[in-house]
Amino acid sequence: MLKQKPRIPLFISTDQEGGAVARVLEPGAVFPGNMALAATRSAANAKKAAEIMAVELKSLGINMDFAPDLDVNVNPANPVIGVRSYSENPDLVASLGIAQIAGFQSQNVAATGKHFPGHGDTNVDSHYGLPVIHHDLKTLNHVDLKPFKAAIASGVDAIMTAHIVVPALDGSGLPATLSKKIMTGLLREKLGYDGLIVTDSLDMSGANVLPPGQVPVAAFNAGADILLNPPDVEVAWNAVRNAVKTGEISRKRLDESVARILRVKYERGIVRNPFTSEKALSHFGTPEHLKVAQKIADESITLVKNENKILPLNKTKKIFVTGPSVANSSRLAGLLKEKGFITGNTSTAASPTQEETAVAVEKAQNADVIVAAAYNANTNTAQQAFLKALKKTGKPVVMVSMGNPYDIVGAPDVDANLLTYGNRNVSVQSAAKALAGEINPGGKLPVTIPGYDPFGHGLHY
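Each step along the sequence shown adds one to the number in full-length UniProt numbering, with nothing skipped, and position 86 is 86.
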């Protein structure tokens with residue numbers, strides 16, 4: 001709808017959480033995600049990562065980041081949050097969240113805590129459905145809301161809404177994004193928040209519970225200041241404009257949102273200096289930034305199982321590396337080969353087929369040790385069958401979890417399990433270094449692995 005140069009500079013925003021959700025990639029510094037940060041137990045790491053991400057975003061002209069994720073991931077089956085969350089522990093989420101908020105905002109990039117009032121206990125992805133959170137008020141206050149309260153106290157610029165139904169907060173069945181009880185009654189009035197409220201993307205299924213023209217108006221009247229990514233911008237624009245004309249949206253309410261937007265733009269220097277420069281790009285993907293990203297990834301590696309001290313690997317042994325391409329198994333094999341290991345490898349689909357499994361089992365016969373990269377195998381029955389078939393070869397199986405840390409629930413018989421919390425290049429590099437014994441795993445579990453390992457568990461060589 002922008003038809004002329006704006007008199008007031010725009011927010012230029014993106015999702016740069018690190019890890020699974022990173023829109024700006026190499027040659028920039030791509031950091032491991034939140035759960036990897038939590039495995040290091042270092043607020044200093046969290047803040048430094050945010051500072052560097054902010055510097056690199058600013059060099060590209062981006063002045064607002066939809067990060068950090070403040071959801072408390074208490075559900076191992078959560079299909080949309082998972083490793084995007086720091087932890088199942090609300091205190092750890094709060095401490096690392098406010099560290100990242102400080103890091104982003106110290107470089108004049110507006111930070112956004114999300115997804116209010118908490119998307120951590122769902123087994124439905126709000127991109128494709130409407131999750132319902134069944135927490136009672138006590139749980140909401142002591143778990144889900146705790147990081148948001150800390151973020152508000154720390155001065156976070158913006159909070160993003162969640163397309164989730166929370167009956168304990170609003171019995172109407174409306175998602176939080178469209179709920180005045182939640183966005184105004186709870187967030188504004190009870191928690192005292194006067195910063196920006198940004199909706200999660202309005203083209204997600206979880207938001208589309210009303211006709212297209214009613215959703216943006218309902219979200220605005222619920223308390224939102226910025227309506228993000230409506231499926232039809234013209235429909236949304238006309239709906240809001242007409243609602244102002246008819247009085248459905250009051251001028252006072254409109255002015256309040258304008259004032260909040262202007263305040264953040266002035267506080268972050270967006271009005272004063274909206275432009276970047278060619279010199280700014282000299283701060284993008286610098287050797288120092290890349291070094292910090294790799295250091296944090298190294299410190300995040302967590303060893304949760306190591307029977308018969310199979311790790312670190314022995315260079316006299318033949319290593320067969322396999323697993324889904326999404327788990328970067330080929331890259332892992334290449335890195336081990338560069339380090340002097342005798343390796344063979346084959347990759348599979350995210351859900352390995354019977355044919356792919358048969359090929360992997362046959363090739364594994366010539367190996368002394370199997371390194372199996374996995375990606376969210378705890379919820380993928382095909383990966384579980386694949387890992388079971390590898391174990392039946394009688395060879396020791398080392399599972400490297402390149403996604404959620406819960407894989408061992410679906411593959412309890414593996415001989416060793418190394419966690420990276422993500423499949424970005426820095427994490428794969430760190431996994432290879434740990435397998436080779438170049439680094440000693442020092443990460444601590446930020447979550448409980450049900451039936452297996454407690455919060456804080458972590459082995460060393």
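Cβ coordinates follow ideal geometry from the N, Cα and C atoms, glycine included.
Open item on the list: Pull the bridge partners of Ser-172 from the DSSP assignment, please.
Closed with: Looking at the DSSP assignment, Ser-172 forms no beta bridge with any residue, so it has no partner.
Open item on the list: To the nearest angstrom, how far is the alpha carbon of Lys-149 from that of Ala-432?
Closed with: 39 angstroms
Task: The beta strand (DSSP E) enclosing Pro-216, as first and last residue numbers - done: First-last for Pro-216: 214-222, but that is the alpha helix (DSSP H), not the beta strand (DSSP E).
Open item on the list: List, from N- to C-terminal side, the alpha helix (DSSP H) runs of 4 residues or more that fit wholly inside the UniProt domain "Glycoside hydrolase family 3 C-terminal" (301-450).
Closed with: 329-338, 354-364, 381-391, 425-436
Task: Same chain, Cβ closer than 8 angstroms to Arg-251, neighbours up to 5 away in sequence not counted - done: Val-244
Open item on the list: Alpha carbons only, please: which of Phe-341, Val-166, Ile-342, Ser-347 is nearest the one belonging to Ser-330?
Closed with: Ser-347
Open item on the list: I'd like to confirm the pairing. Which residues does DSSP put opposite residue 540 in its beta bridges?
Closed with: No information on residue 540 is available, as it lies outside the stretch 1 to 461 that the chain covers here.
Task: Pairwise C-alpha distance: Lys-444 and Val-258 - done: 44 angstroms
- [ ] Quick one: give me the first and last residue of the beta strand (DSSP E) that Phe-116 is part of.
- [x] 110-116
- [ ] Pull up the distance between the alpha-carbon of Asn-417 and that of Ala-372, whole angstroms please.
- [x] 10 angstroms
Task: Close-in-space but distant-in-sequence residues of the same chain around Val-124 (CB under 6 angstroms, 5 per side omitted) - done: Pro-131
- [ ] Answer yes or no: do Met-53 and Ser-87 have a C-beta to C-beta separation smaller than 8 angstroms?
- [x] no
TODO: Could you check the C-alpha separation between Gln-365 and Val-30 for me, to the nearest Å?
DONE: 37 angstroms
Task: Inter-stretch contact at 8 angstroms, needing at least 3 Cβ pairs: the region 295-309 / the region 414-428 - done: yes
TODO: Assuming Asp-65 and Val-109 form a contact by the criterion Cβ under 8 angstroms, report the distance between their Cβ atoms to the nearest whole angstrom.
DONE: 5 angstroms
Task: Three-state secondary structure assigned by DSSP to Thr-161 - done: strand
TODO: Ignore the nearest five residues each way along the sequence and tell me which others in Thr-393's own chain have a CB closer than 8 angstroms to its CB.
DONE: Val-361, Ala-364, Gln-365, Ile-370
TODO: Look at the alpha carbon of Lys-395 and the alpha carbon of His-283, and state the distance between them as a whole number of angstroms.
DONE: 47 angstroms
Open item on the list: Tell me the DSSP secondary structure of Thr-286 in three-state form.
Closed with: coil
- [ ] Tell me whether Val-72 sits in a helix, a strand or coil according to DSSP, three-state version.
- [x] coil
TODO: Please classify Gly-185: does DSSP put it in a helix, a strand, or coil?
DONE: helix
TODO: May I have a chain-ordered list of the alpha helix (DSSP H) segments no shorter than 4 residues that lie completely inside the region 216-273?
DONE: 233-246, 251-267
- [ ] Please classify Val-124: does DSSP put it in a helix, a strand, or coil?
- [x] coil
Task: For Ala-49 and Tyr-193, the rounded distance between their alpha carbons - done: 26 angstroms
- [ ] Tell me where the alpha helix (DSSP H) around Leu-178 begins and ends.
- [x] Counting along the chain, Leu-178 falls outside any alpha helix (DSSP H), and DSSP gives it neither H nor E.
- [ ] State whether the region 174-192 contacts the region 214-222, with contact taken as three or more CB pairs (one from each stretch) at a distance under 8 angstroms.
- [x] yes
Task: Local conformation of Gln-294 per DSSP, three classes - done: helix
TODO: Pair every Cβ in the region 189-206 with every Cβ in the region 228-247, then say whether three or more of these pairs are closer than 8 angstroms.
DONE: yes
Task: Nearest-angstrom Cα separation, counted from Pro-216 out to Thr-199 - done: 9 angstroms
Open item on the list: Contact defined as beta carbons within less than 8 angstroms: I believe Ala-377 pairs with Phe-320. What is the distance between those atoms, to the nearest angstrom?
Closed with: No, Ala-377 and Phe-320 are not in contact; Cβ-Cβ is about 18 angstroms, not under 8 angstroms.
Open item on the list: For Ile-81, report the span of its alpha helix (DSSP H) as first-last.
Closed with: First-last for Ile-81: undefined, no H or E at that position.
TODO: Return the CA-CA distance between Ala-236 and Thr-246, expressed in angstroms with no decimal places.
DONE: 15 angstroms
Open item on the list: Among the candidates Leu-459, Ile-182, Ala-436, whose CA atom is the shortest distance from the CA of Thr-316?
Closed with: Ala-436
Open item on the list: Between the alpha carbons of Lys-318 and Pro-27, how many angstroms are there, rounded?
Closed with: 33 angstroms
- [ ] Can you give me the start and stop residues for the alpha helix (DSSP H) that Glu-51 sits inside?
- [x] 43-59
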